[in-house]
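J.:
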Amino acid sequence: MSGGVDSSVAAALLHEQGYELVGVTLHLWDAEGEQKVGRCCAPEDRDDARRVCDHLGIPHYVLDEREAFREHVVTPFAREYLEGRTPAPCVHCNRTVKLQKLVALADSFGATHVATGHYARLVREAGDLRLLRGRDREKDQSYFLFGVSRSILERLLFPLGELPNKEATRAEGRRLGVPNADKGDSQELCFVPDGDIGGFLSRAGHAPRPGRIEDETGAVVGEHSGIERFTVGQRKGLGLGGGPVRYVLRIVPDENRVVVGGEDGLFTRRLRAADASWFGSLPDAPFEASIRIRHRHEPAPARIVPHESGFEAEFLEPQRAVTPGQAAVLYRGDEVVGGGFIV
Amino acid sequence: MIYLDYHAAAPVIPEALAAMDVARQEAWANPSSVHRAGRAAKRTLERAREQVAQALGAAPGDVILTGGGTEAVNLFLGSGPVRHVVTTEIEHPAVARSVDRLEASGVSVTRLPLPGGRAPSASTLEDSLRGPETWVAVQWINHETGTIVPVHDYAQVTRARGACLFVDATQAFGKLPFSVEELGADALALASHKMGGPAGAGALWVRRGIEVAPILAGGGQERGRRPGTPDVVALAGFGAAAEVLPRRLEALPRIAMLRDRLEVALRDLGAVVNGSEGERIGTALNVSVPGARGEVLVAALDLEGVCASSGAACSSGLSEPSPVLRAMYPEEPWRASSALRLSLGPELDEAAIDAAIAILERVIRRASTALT
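Top line first, the protein sequences correspond to chains A and B.
Note that the first sequence covers residues 451 to 793 in the working numbering.
Note that the second sequence covers residues 130 to 501 in the working numbering.
1. Between Gly326 (chain B) and Val472 (chain A), what straight-line distance do the alpha-carbon atoms span, to the nearest angstrom?
2. Should Ile142 (chain B) go down as buried or exposed, given a rule of 16 or more other Cβ atoms within 10 Å for buried?
3. Short of 6 Å in beta carbon distance, which residues of its chain neighbour Ala342 (chain B), apart from the five on each side in sequence? Order them along the chain.
4. With C-beta atoms as the reference, is Gly366 (chain B) less than 8 Å away from Ala332 (chain B)?
5. So which residues of chain A does Asp431 (chain B) contact, with C-beta pairs closer than 9 Å?
6. What did DSSP end up calling Arg650 (chain A) once you bin it into helix, strand or coil?
7. Spell out whether any CB of chain B is found under 8 Å from the CB atom of Gly676 (chain A).
8. At which residues does the beta strand (DSSP E) containing Val296 (chain B) begin and terminate?
9. Identify whether Val141 (chain B) lies in helix, strand or coil by the three-state DSSP scheme.
10. Taking buried to mean at least 16 other C-beta atoms within 10 Å of its own C-beta, is Ile339 (chain B) buried or exposed?
11. Please report how far the alpha carbon of Pro663 (chain A) lies from the alpha carbon of Arg653 (chain A), in whole angstroms.
12. Assuming Leu241 (chain B) and Thr217 (chain B) make a contact with CB atoms under 8 Å, what is their CB distance in whole Å?
13. Just to confirm, are Glu612 (chain A) and Arg580 (chain A) a CB contact at a threshold of 8 Å?
14. When you check each C-beta in the segment 538-572 of chain A against every C-beta of chain B, which residues fall closer than 9 Å?
15. On a CA-only basis, which of A:Cys540, A:Gln637, A:Lys551 is nearest Gly597 (chain A)? Give me that one, please.
16. Assuming contact is defined by CB atoms lying nearer than 8 Å, are Arg622 (chain A) and Val459 (chain A) in contact in what I supplied?
17. Taking Ala565 (chain A) and Val547 (chain A) to be in contact with their CB atoms under 8 Å, please state how far apart those CB atoms are, rounded to whole angstroms.
18. Would you call the CB atoms of Gly313 (chain B) and Arg288 (chain B) closer than 8 Å?
19. Which whole runs of the alpha helix (DSSP H) in the segment 572-638 of chain A are 4 residues long or more, in chain order?
20. Only counting runs of 4 or more residues, tell me where the alpha helix (DSSP H) segments fall wholly within the segment 252-328 of chain B, in order along the chain.
21. Would you tell me roughly how many angstroms separate the C-alpha atoms of Gly245 (chain B) and Ser405 (chain B), rounded to the nearest one?
22. Can you check the segment 450-496 of chain B for any beta strand (DSSP E) of at least 3 residues that lies completely inside it and give the ranges in chain order?
23. If you pair each beta-carbon of the segment 133-141 of chain B with each one of the segment 749-756 of chain A, do three or more pairs fall below 8 Å?
24. Note down, in chain order, each residue of its chain lying with its Cβ closer than 8 Å to the Cβ of Asp590 (chain A), except the 5 sequence neighbours on either side.
25. Could you check if Thr216 (chain B) belongs to the surroundings of the ligand ADP, using beta carbon to heavy atom distance under 7 Å?
26. Can you find a C-beta in chain A that's less than 8 Å from the C-beta of Glu424 (chain B)?
27. In chain B, what lies closer than 9 Å to Val472 (chain A) by C-beta?
28. Compare the beta carbon distance of Ala421 (chain B) and Leu430 (chain B) with 8 Å and say whether it is the shorter of the two.
29. By the criterion of Cβ-Cβ separation under 9 Å, what are the contact partners of Ala496 (chain B) in chain A?
30. Taking only the alpha-carbon atoms, compute the straight-line gap between Phe650 (chain A) and Val642 (chain A) and give it to the nearest angstrom.
31. Say whether the segment 348-363 of chain B touches the segment 381-388 of chain B, bearing in mind that this needs 3 or more beta-carbon pairs closer than 8 Å, one atom from each stretch.
32. Between which two residues does the beta strand (DSSP E) harbouring Gly672 (chain A) extend?
33. Taking the alpha-carbon positions, what's the Arg679 (chain A) to Ile701 (chain A) distance?
34. With DSSP as the reference, label Ser444 (chain B) as helix, strand or coil.
35. Alpha carbon to alpha carbon, how far is Ala292 (chain B) from Thr263 (chain B)?
Next up, the structure:
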């Protein structure tokens with residue numbers, strides 16, 4: 451229970467259904483300074499979680515997982531940026547910290563399941579487990595769950611997955627008298643609530659290294675103050691002055707270079723992914739599926755060739771801004787079949 | 130519910146509840162008022178003072194009534210002048226943070242270690258004294274491990290060297306019999322909620338002749354040393370609990386046996402005792418369970434109806450690993466994060482302890498097989 455609307459309503463729904471519940475807040479990060487308000491891990495959020503638990507009449511515990519979060523999410527996040535990639539920390543958090551820790555707690559408490567406010571669906575049929583997108587296409591969070599192991603997913607419940615949209619979640623919250631049903635959402639990362647990644651990296655002690663911005667011919671068109679401030683597809687903040695509209699096409703970390711160009715340079719049919727996980731067994735032949743290359747992306751049809759630890763894909767239509775570091779998640783219809791990290 | 134967290138707070142005893150009920154009805158007015166309603170409140174207030182003083186073997190005029198133990202600590206340690214403070218590494222935050230503040234204002238500080246719970250000897254203490262304008266600020270019984278330091282011996286040494294001894298007696302009052310004269314300290318802090326009274330009441334006893342400056346600015350209550358209208362109801366409860374202290378003290382041997390029973394059971398489950406190398410009060414048992422996390426054990430025990438604690442908890446609801454255990458076992462940081470504190474009191478009996486043991490077995494076994 452983060453103190454946010456989603457986990458609060460998820461708890462209230464299960465409570466209504468008669469489950470015996472224990473509310474757990476994981477303390478993952480300490481907000482600094484003015485960032486203390488409003489998003490996960492601030493004291494107010496813990497208080498909100500506690501109030502919801504008091505309202506439901508269930509126990510509430512706060513458990514400290516800051517060390518694991520720093521080691522498995524925050525430190526790799528910084529490293530990815532410094533290596534010219536755009537990381538997907540929420541994927542890593544779900545895969546290696548949050549859900550694992552919650553399941554371990556469930557074992558310690560003698561609880562059978564862990565429920566969260568994720569917008570996703572788990573379908574259990576005939577001994578089979580399938581992960582599906584939440585009904586709300588906008589809010590669907592199945593993207594962030596692709597890498598979670600089967601043994602963990604088996605213990606999870608997602609009460610919000612069937613709700614049609616966020617407004618329905620809030621309506622359920624109001625119906626059940628949940629204290630924070632109208633609390634605002636934040637779109638930012640929980641550990642960088644102001645969205646200023648550059649600022650975050652400086653505070654973490656990374657000194658930015660200025661370098662060159664070049665176009666596709668190799669001509670120098672500007673200077674950058676650190677490759678970590680750029681992501682593929684970025685148009686704003688390039689500091690190139692007037693001239694044609696240009697986008698970041700790729701980042702070359704070994705040479706501390708950012709390459710920019712016109713919009714067509716952003717489109718490609720090809721994708722390579724490493725560190726893949728598959729729902730079910732490793733496919734032994736190429737197959738068709740749709741790929742989502744970032745959270746806010748409509749899965750695009752492609753032909754996937756799996757291999758040892760990853761896969762290659764060719765999209766039917768060129769896709770915009772395929773970004774190294776992001777997760778590429780494979781869908782068949784609503785069902786998640788696997789995924790990997792874009793190389 | 131099996132309550133094993135007496136060092137955090139003890140259940141309020143019937144005598145205290147009864148005194149508070151009466152006070153609520155009769156002593157709600159301002160004790161500083163001249164009229165009869167005020168005098169009724171004043172009577173109750175002064176009765177409480179006398180009861181606390183009597184339990185200490187002290188003169189009522191030397192007892193300053195406060196809103197709790199932390200306030201009493203701050204009231205003494207906030208006054209000067211002082212040049213050097215000798216304390217330990219395992220103090221309660223009220224003393225530790227007060228001493229930090231003194232240090233920040235230029236006072237030099239010696240913090241004596243207690244490795245494995247072995248208290249510094251009187252001669253070790255003596256070596257660290259620097260004569261007048263030296264304070265010794267020590268906790269008699271440690272809130273986490275129950276470690277006892279030899280305050281009587283310290284008092285002899287501080288007296289001989291002209292230093293001033295302040296004792297945080299918040300855990301000791303109600304667990305060890307003493308009187309202020311035979312103890313020989315110069316100031317004591319007490320807390321009501323550790324010995325059967327309600328929270329929100331406490332006292333600072335100060336040897337006559339020692340000046341204490343108020344830390345709150347306000348009216349002249351408590352002879353100017355503690356401004357503000359007191360919580361007469363809570364203090365009535367505190368006084369009533371102090372009045373029956375002898376009965377509470379008599380229960381200690383029985384409580385110590387219950388604690389020993391728990392200790393044997395926990396050792397059998399693989400736990401190690403913290404503070405075992407020194408003398409411990411018979412009400413406390415602090416163990417570390419290898420492979421488990423204290424905060425998880427505490428939550429799991431709570432789900433089974435056992436109330437216990439782990440490291441020091443701060444008010445935001447987070448637990449930080451115990452600074453006391455980190456100080457006692459600097460080479461073994463795992464002890465602090467795996468700690469479980471069980472503390473006992475007079476309301477417990479064998480049946481409760483046996484039931485707790487069964488639950489502890491279940492919880493600790495589950496914690497060792499859980500994925501981490």
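Virtual Cβ for every residue (Gly too), placed ideally from N, Cα, C.
T.: From the atom records:
1. 32 Å
2. By the neighbour-count rule (16 or more Cβ atoms within 10 Å), Ile142 (chain B) is buried.
3. Ser208
4. no
5. Pro509, Tyr511
6. Per the sequence shown, the amino acid found at residue 650 (chain A) is Phe instead of Arg. DSSP places Phe650 (chain A) in helix when its eight states are reduced to three.
7. no
8. 293-297
9. coil
10. So Ile339 (chain B) counts as exposed.
11. The sequence as given places Ile at residue 663 (chain A); Pro does not occur at that position. Those two C-alpha atoms are separated by around 25 Å.
12. 5 Å
13. no
14. Gln550, Lys551, Val553, Ala554, Leu555, Ala556, Asp557, Ser558, Phe559, Gly560, Ala561
15. A:Cys540
16. Sequence check: residue 622 (chain A) is Glu here, not Arg. In contact: Glu622 (chain A) and Val459 (chain A) (Cβ atoms closer than 8 Å).
17. Not a contact, Cβ separation roughly 17 Å.
18. Taking 8 Å as the Cβ cut-off, Gly313 (chain B) and Arg288 (chain B) qualify as a contacting pair.
19. 600-603, 616-625
20. 280-290, 309-312
21. 7 Å
22. 468-472
23. no
24. Taken in chain order, the residues that qualify are Tyr569, Ala570, Arg583, Gly584.
25. The ligand content of the structure shown is nil, which means the ligand ADP is not present either.
26. yes
27. Going along chain B in sequence order, the residues near Val472 (chain A) (Cβ under 9 Å) are Ala428, Leu432.
28. no
29. Close to Ala496 (chain B), with beta-carbon spacing below 9 Å, are these residues of chain A in chain order: Asp557, Ser558.
30. 7 Å
31. no
32. It spans 670-674 - the beta strand (DSSP E) in which Gly672 (chain A) sits, taken as one unbroken run.
33. Spanning the two alpha carbons is a distance of roughly 11 Å.
34. Unreliable placement is indicated for Ser444 (chain B), whose pLDDT of 43 sits below 50; no coordinate value is reported for it.
35. 5 Å
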